[in-house]
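Only one structure is covered here, and it is reproduced in the block below.
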Amino acid sequence: MQTVPTPKAPMPLQALQWILDPVGYMEKNFNRYGDIFQSFLLWGGTAPLVMVNEPKAVQYILTHDTGKELTAPGDVNQLLEPLIGRQNLMLLSGTQHRNRRQLVMPPFHGERLKAYGQMIQQITQNVIEQWPTRESVNVRLTMQKITMRVILEAVFGLHQGDRYQQLEHLLSTRLDMTATPLASALVFLPWLQKDFGPWSPGSRLHKLAAQTDQLLFAEIQERRAHPDLNRTDILSLLLAAKDEAGKGLTDQDLRDELMALLVAGHETTATALTWAIYWIHSLPEVQQKVRAELDTVSNPTDPSSFLQLPYLTAVCNETLRIHPVAMLTFPRRVEVPMKLCGYPLEPGMLLLGSIYLIHHRPDLYPQPHQFRPERFLEQQFSPYEFMPFGGGVRRCVGAALAQYEMKIVLGTILSQMDLVLLNKHPVQPARRGVTLGPKQPVEVKKVRIHSASKSLLEV
Ligand code: HEM
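FYI, the numbering for the sequence shown is 15 to 473, going by our numbering.
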């Protein structure tokens with residue numbers, strides 16, 4: 015019987031290419047093998063990995079991932095453990111995972127999300143007021159400030175004060191340690207994380223982790239000592255939660271969940287916002303359409319006015335399509351012998367949905383490397399054709415927040431000022447830790463601010 019196509023390159027070479035050039039790795043194998051192929055990606059275990067990019071097959075996987083046929087285990091995400099620990103959504107499995115999701119999801123949806131609108135706009139305003147005029151601004155750094163403060167508010171109900179400033183600094187320093195493809199080897203080769211003396215990256219990692227933990231545990235202890243039942247932030251909800259036996263979460267559980275949400279909740283959205291600003295300012299016709307639409311907004315100080323704009327929404331979708339920050343879904347495990355795309359799969363195999371490859375299939379997205387928001391106005395894509403947030407039982411818990419935040423941040427910035435892009439050459443995607451981000455810094459300059467009457471003022 016035919017088996018899943020397998021790249022012939024030696025495994026270590028495949029692993030190296032996956033670390034240094036993940037887009038090249040996926041595109042090369044897609045061109046050679048098509049919808050499904052085995053991959054060697056250094057994930058910390060030995061089970062064979064199969065990458066799938068055919069939307070119907072991915073739909074099958076993500077609609078059967080709680081059943082007898084497939085599961086979504088957390089222990090296979092062990093590469094993330096040194097950063098975020100074990101007792102959190104991403105590493106929990108089965109019932110524990112389901113219960114934790116029920117606890118963490120509500121603050122990121124519905125009425126709670128609406129309450130964040132003003133806060134997101136205010137934080138954006140405070141950050142852009144610090145932008146110098148006619149000087150280069152590093153877009154990622156400022157977007158990261160905004161998204162970090164937003165997630166600190168959602169998680170702790172506060173983003174100002176000494177402890178939060180220190181946390182902001184420590185987390186961005188930690189994530190910057192894997193900001194380039196080569197440095198990302200730290201994530202995939204755990205022995206590099208060992209402490210080999212004061213100058214080794216491992217020693218720096220340990221120091222940063224110890225300092226971060228000290229702040230998180232201090233916050234947890236203070237909150238335990240002074241519970242406030244009126245608070246609706248995530249830490250308060252987690253502190254109040256009890257299981258069927260009446261047992262609450264331990265300090266270690268809380269620390270791990272807080273780390274997971276802080277890490278997953280800010281870098282991803284900051285990267286997406288950086289790309290959106292890049293594309294809007296590299297394509298004059300896109301910029302002109304975004305501006306024309308923003309001109310129709312009667313009250314730009316009301317954050318909800320940016321949420322239903324069709325072209326801005328299409329720009330956000332096209333940004334997440336062309337540069338999906340998370341290239342892959344988390345692995346789903348095959349539990350019974352089955353067939354996918356005509357190939358037999360054995361129990362124990364791990365299946366990865368390649369979000370990047372699905373988003374670049376020429377049969378779905380003609381000229382896939384072209385940024386064209388109109389695609390999303392002309393056609394509706396299924397949740398397995400456009401899936402920046404994955405799907406099934408591990409679908410991103412922050413998907414609604416991230417999309418909400420993108421529109422409010424972009425609307426708030428662009429309705430107030432004109433920016434020019436300073437990058438002279440096209441910016442390419444490159445690995446950043448386990449995510450995909452811009453290879454070079456995206457830089458802009460503020461050239462004009464809009465007065466309240468919307469006439470443009472030279473500054
Ligand atoms: C543009 C921004 C974001 C993108 C592209 C993104 C993407 C993803 C993807 C692809 C997954 C895996 C889904 C799967 O395996 O099916 C995921 C999971 C997750 N994301 Fe996001 N995410 C973003 C923002 C956020 C935010 C703002 C938060 C925090 C609130 C967050 C928290 C999580 C968590 C906790 C999980 C694990 C869920 C689980 O295992 O049950 N993400 N995200």
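The beta carbon of each residue, even a glycine, is placed where N, CA and C say it ideally should be.
1) Do you know how far the Cα of K159 is from the Cα of C355?
2) Assuming the contact rule is C-beta atoms closer than 8 Å, D227 and A168 should be a hit. Round their C-beta distance to whole Å, please.
3) Is it buried or exposed for A278, if we count other Cβ within 10 angstroms and need 16 for buried?
4) Is F170 close to the ligand HEM? I mean its beta-carbon at under 7 Å from any heavy atom of the ligand.
5) So, for L359: in the same chain, excluding its five sequence neighbours on each side, which residues have a beta-carbon less than 6 Å away from its beta-carbon?
6) Reducing DSSP to helix, strand and coil, say where M157 ends up.
7) What separation, rounded to the nearest whole angstrom, lies between the Cα atoms of K208 and L200?
8) Please tell me whether, using a cut-off of 7 Å, the distance from the CB of F122 to the nearest non-hydrogen atom of the ligand HEM is below it.
9) What ranges does the alpha helix (DSSP H) occupy inside the stretch 21-80, keeping only unbroken runs of at least 4 residues that lie completely in it?
10) So, using beta-carbon positions, are L342 and L127 closer together than 8 Å?
11) Going along the chain, which residues of its own chain have a beta-carbon closer than 7 Å to the beta-carbon of V473, five neighbours each way excluded?
12) Helix, strand or coil: which one does DSSP assign to I463?
13) Three or more C-beta pairs under 8 Å: does that hold for the stretch 365-375 against the stretch 395-410?
14) In whole angstroms, give me the CA-to-CA distance for G108 and A86.
15) Reducing DSSP to helix, strand and coil, say where E271 ends up.
16) Please determine whether the Cβ atom of T77 lies at a distance below 7 Å from any heavy atom of the ligand HEM.
17) At a cut of 8 Å, does the stretch 68-84 reach the stretch 30-45 through at least three beta carbon pairs?
18) Determine, using beta carbons only, whether L166 and L181 come nearer to each other than 8 Å.
19) Quick one: does the C-beta of F403 sit closer than 7 Å to a heavy atom of the ligand HEM?
20) Can you tell me whether DSSP reads S368 as helix, strand or coil?
21) By DSSP, does A129 sit in helix, in strand, or in coil?
22) Alpha carbon to alpha carbon, how far is D377 from G412? Give it in angstroms, no decimals.
23) Can you have a look at P26 and say buried or exposed, based on whether 16 or more other CB atoms are within 10 angstroms of its CB?
24) Along the chain, where does the beta strand (DSSP E) that runs through M352 open and close?
25) What I want to know is whether the C-beta of C1 ends up closer than 7 Å to one or more non-hydrogen atoms of the ligand HEM.
26) Nearest to V350 by alpha carbon, out of H280, E143 and K82?
27) Quick one: what's got a C-beta closer than 8 Å to D257's C-beta in the same chain, skipping five residues either side?
28) Let me know the secondary structure DSSP gives Y178 once reduced to three states.
The short version:
1) 43 Å
2) 20 Å between Cβ atoms; not a contact.
3) buried
4) no
5) V348 and M352
6) helix
7) 10 Å
8) yes
9) 25-34, 36-47 and 69-77
10) no
11) Per-residue confidence for V473 stands at a pLDDT of 39, beneath the threshold of 50, marking its modelled position as unreliable; the derived number appears in the next sentence. Here the set comprises T147, R462 and I463.
12) strand
13) yes
14) 8 Å
15) helix
16) no
17) no
18) yes
19) yes
20) strand
21) helix
22) 29 Å
23) exposed
24) M352 to L354
25) Lying outside 15 to 473, the shown extent of the chain, residue 1 is not represented and no answer is given.
26) K82
27) N113
28) helix
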